[in-house]
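The sequence shown maps to residues 37 to 407 in our numbering.
The beta-carbon is built from N, C-alpha and C at its ideal position, and this holds for glycine as well.
Keep in mind that this is a model prediction, so the values were computed, not measured.
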Amino acid sequence: MKMNTTRYIAVLYLSALVALTGCKDKKQDKAAEKGYCISKELKKDIKLIKAEVRPIEESITLTGEVESNSDKTVPFVSLVDGVVTDTYFSLGDYVKKGQVLATVKSTAVNEMQDDTQTLQAQLAVAKRKLSSIEAMYKDDIASQKDLQEARSEVAILQSNISKTQKNMQLYSAGGNTIQIKAPADGYVISKNVSKGMPVTAGGDQLFTISNLDKVWVMANVYATNMRNVYVDQPVVVKTLAYPDESFAGKINNISQVFNENERVLKAKIIMDNNGMKLRPGMSADVILPINSQNKSALAIPAKALIFDNNQSYVVVYKKDCELEIRPVTEIASNSQYIYVEGNLKSGENIIASNGLLIYENLKNQLNNSTK
């Protein structure tokens, strides 16, 4: 009886031990199933892109630079000698036509005033002379020629006085100071004037104003690319300042003569400049599609692709705790997309930033779970 009791206790102990072990294994399985999750902090820094089927297109990329529209650009050169006493604008400012931009102390103001007085005195004499000749002409003492010369002299003096007065009004001249005003609406794209600086009539440009509603992108076309570039060709312009944005346009004109310094042809692209994001002097990449194929494939951005051990992968996102590593094969590429085939479907979300970090975490978790 005692032995039976001992056996019964042993069986109960073993049953309890098995039950406890089973519970422990289930907890471990649930922990393993939970897997890797993206943290809240990391999620703020990731970008999701949907894989989409797109026509396969190859492209070439030309270097270029944004320039102002020369048809809407006004350089300003001083018309008088003098010294700048003040400036009221900065590079990049938007100015309105007639806005005072600077003042210049100049002896030209006094000279214009003296010229006006001299011309007015000469005009008074010329008018008296004309009246006398008209009277003599009526009495057949003066000839038709004398009358015409007298009238011409009066007209010339009146014209010169008008020009001088308009110049004084243009500069709002007063005392010995003149005002330099904006000749047009637009942005100041160059400034070469400062307080205390001497200026000369017809000298260097003091500033340049340009309307930037439309700008030109001048692309460099090397001889090897000539066969792929043509007028009205659609292009995509990208800049370092806005790496995630593209600006669509087309080639409006191609120069017929190679630039002597750069040994390139220049292709002009006239761009609408909504938002004023394209600024003169900005470097740009000009992307031209070529050799379009009658074939489509899944297109993903290059930054979404992860290369590891001679194989390309993407990380597919379903939920924060549901991520998958998928192998893919590259079949074509251009400056915007890489075309792939393999275990990936159109419409699936893939991680396009910080993907390598998440890939490594998933890979490490997978390796640890198989040990």
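In whole angstroms, what separates the C-alpha of residue 336 from that of residue 379?
-> Numbered from its first residue, the sequence shown carries residue 336 at position 300. Numbered from its first residue, the sequence shown carries residue 379 at position 343. Residue 336 and residue 379: Cα-Cα distance of roughly 13 angstroms.
Meets three-Cβ-pair contact criterion under 8 angstroms: the segment 126–142 and the segment 347–365 | no
Helix, strand or coil for residue 147 per DSSP?
-> In the sequence shown, the residue the question calls residue 147 occupies position 111. Residue state, collapsed to three classes: helix.
Residues in its own chain within less than 7 angstroms of residue 295 by CB, not counting five upstream and five downstream?
-> One-based indexing of the sequence shown puts residue 295 at position 259. Excluding positions up to five away in sequence, the list reads 302.
Identify, in the order they occur along the chain, each residue of the same chain with its Cβ nearer than 6 angstroms to the Cβ of residue 291, setting aside the five sequence neighbours on each side.
-> Your numbering for residue 291 matches position 255 in the sequence shown. Cβ within range, chain order: 301, 302.
So what's residue 183 in DSSP terms, helix, strand or just coil?
-> Counting from 1 along the sequence shown, the entry for residue 183 is found at position 147. Helix.
Range of the contiguous beta strand (DSSP E) that encloses residue 76 | What you label residue 76 is simply residue 40 of the sequence shown in a count that begins at 1. Here residue 76 belongs to no beta strand (DSSP E); instead the alpha helix (DSSP H) covers 76–79.
Is the number of C-beta pairs between the segment 229–239 and the segment 161–168 that are closer than 8 angstroms three or more?
-> no
Does the separation of the CB atoms of residue 250 and residue 271 fall below 8 angstroms?
-> In the sequence shown, the residue the question calls residue 250 occupies position 214. In the sequence shown, the residue the question calls residue 271 occupies position 235. Not in contact: residue 250 and residue 271 (Cβ atoms no closer than 8 angstroms).
Assigned exposure category for residue 144 - 16 Cβ within 10 Å defines buried = Taking the first residue of the sequence shown as 1, we reach residue 144 at position 108. Burial call: buried.
Kindly list the residues whose CB is nearer than 7 angstroms to the CB of residue 258, restricted to its own chain and excluding five residues on each side of it in sequence; keep chain order.
-> Residue mapping note: residue 258 aligns to position 222 of the sequence shown, counting from 1. Around residue 258: 300.
Straight-line CA distance for residue 105 to residue 255?
-> As a position in the sequence shown, residue 105 is number 69, starting the count at 1. As a position in the sequence shown, residue 255 is number 219, starting the count at 1. Between residue 105 and residue 255, the C-alpha separation is close to 15 angstroms.
For the segment 199–246, which segments carrying the alpha helix (DSSP H) assignment without a break, of at least 4 residues, lie completely within its bounds, in sequence order?
-> none
According to the neighbour-count rule (16 or more other Cβ atoms, all chains shown, within 10 Å of its Cβ), is residue 100 buried or exposed?
-> Stepping through the sequence shown from its first residue, residue 100 is reached at position 64. That one is buried.
Quick one: what's got a C-beta closer than 8 angstroms to residue 395's C-beta in the same chain, skipping five residues either side?
-> Taking the sequence shown and counting its residues from 1, one reaches residue 395 at position 359. 342, 344, 349, 351, 361.
Looking at C-beta atoms only, is the number of pairs between the segment 374–390 and the segment 310–327 that lie closer than 8 angstroms three or more?
-> no
Sequence-distant residues of its chain with Cβ nearer than 8 angstroms to residue 252 (five each side left out) = By one-based count along the sequence shown, residue 252 stands at place 216. Excluding residues within five positions, the ones whose Cβ falls inside 8 angstroms are 102, 103, 104, 105, 106, 304, 305, 306, 307.
Quick one: what does DSSP say residue 95 is sitting in, helix, strand or coil?
-> Reading the sequence shown from its first residue, position 59 is the one you call residue 95. Looking at residue 95 - three-state DSSP - the assignment turns out to be strand.
Local conformation of residue 362 per DSSP, three classes | What you label residue 362 is simply residue 326 of the sequence shown in a count that begins at 1. In the structure shown, residue 362 sits in a strand (DSSP, three-state: E or B).
Out of curiosity, what's the CA-to-CA distance linking residue 401 and residue 227?
-> Locating residue 401 in the sequence shown gives position 365, where the first residue counts as 1. Locating residue 227 in the sequence shown gives position 191, where the first residue counts as 1. In a straight line, the C-alpha of residue 401 is about 60 angstroms away from that of residue 227.
Spatial distance of residue 392 from residue 353 (CA atoms) | The residue labelled residue 392 in the question sits at position 356 within the sequence shown. The residue labelled residue 353 in the question sits at position 317 within the sequence shown. Those two C-alpha atoms are separated by around 13 angstroms.
Cutoff 8 angstroms; reference residue 148; Cβ partners in own chain excluding five residues on either side = Against the sequence shown, residue 148 aligns to sequence position 112. Taken in chain order, the residues that qualify are 200, 203, 204, 209.
Could you give the distance in angstroms between the alpha-carbon of residue 198 and the alpha-carbon of residue 158?
-> Within the sequence shown, numbered from 1, the residue matching residue 198 stands at position 162. Within the sequence shown, numbered from 1, the residue matching residue 158 stands at position 122. So the alpha carbons of these two residues sit roughly 14 angstroms apart.
Count the other C-beta atoms from every protein chain shown that fall within 10 angstroms of the C-beta of residue 186, then say buried if there are 16 or more, exposed otherwise.
-> For the purposes of this step, residue 186 is taken as residue 150 along the sequence shown, with counting starting at 1. By the neighbour-count rule (16 or more Cβ atoms within 10 Å), residue 186 is buried.
With 16 other CB atoms within 10 Å as the buried threshold, where does residue 260 fall?
-> Here residue 260 is taken as the residue at index 224 of the sequence shown, counted from 1. Exposed.
Contact check, residue 282 vs residue 89 under 8 angstroms by CB: the rounded distance?
-> Position 246 of the sequence shown, counting from 1, holds the residue named residue 282. Position 53 of the sequence shown, counting from 1, holds the residue named residue 89. Actually they do not touch by this definition, with Cβ atoms about 20 angstroms apart.
Please say whether residue 110 and residue 242 have beta carbons closer to each other than 8 angstroms?
-> Here residue 242 corresponds to residue number 206 of the sequence shown, with the count starting at 1. Here residue 110 corresponds to residue number 74 of the sequence shown, with the count starting at 1. No. Outside cutoff.
Spatial distance of residue 119 from residue 177 (CA atoms) = In the sequence shown, counting from the first residue as 1, residue 119 sits at position 83. In the sequence shown, counting from the first residue as 1, residue 177 sits at position 141. Taking the straight line joining both Cα atoms gives about 55 angstroms.
Coarse secondary structure for residue 48, derived from DSSP in three states = Counted from its first residue, the sequence shown places residue 48 at position 12. With a pLDDT of only 38 at residue 48, under the threshold of 50, the placement of this residue in the model should not be trusted; the figure read from the coordinates follows. Looking at residue 48 - three-state DSSP - the assignment turns out to be helix.
Give the C-beta separation of residue 85 and residue 340 to the nearest angstrom, bearing in mind that I take them to be a contact with Cβ-Cβ under 8 angstroms.
-> Position 49 of the sequence shown, counted from the first residue, corresponds to residue 85. Position 304 of the sequence shown, counted from the first residue, corresponds to residue 340. Right, their Cβ atoms sit about 6 angstroms apart.
Have a look at 269, 268, 318 and flag the residue whose alpha-carbon is nearest the alpha-carbon of residue 276.
-> Your numbering for residue 276 matches position 240 in the sequence shown. Of 269, 268, 318, the residue nearest in Cα terms is 318.
Span of the beta strand (DSSP E) around residue 376 = In the sequence shown, the residue the question calls residue 376 occupies position 340. Taken as a continuous stretch (DSSP letters only), the beta strand (DSSP E) holding residue 376 covers 374–378.
Going along the chain, which residues of its own chain have a beta-carbon closer than 6 angstroms to the beta-carbon of residue 221, five neighbours each way excluded?
-> For the purposes of this step, residue 221 is taken as the residue at position 185 of the sequence shown. These residues qualify, in order along the chain: 132, 133.
Where residue 161 sits in the DSSP three-state scheme | What you label residue 161 is simply residue 125 of the sequence shown in a count that begins at 1. Residue 161 falls in the helix class under three-state DSSP.
Inter-residue spacing [alpha-carbon to alpha-carbon] between residue 390 and residue 279 | Here residue 390 refers to the residue found at position 354 of the sequence shown. Here residue 279 refers to the residue found at position 243 of the sequence shown. Each residue's Cα considered, the two are about 17 angstroms apart.
State the Cα-Cα distance for the pair residue 212 and residue 195, rounded to the nearest angstrom.
-> Taking the first residue of the sequence shown as 1, we reach residue 212 at position 176. Taking the first residue of the sequence shown as 1, we reach residue 195 at position 159. Rounded to whole angstroms, residue 212 to residue 195 spans 24 angstroms at the Cα level.
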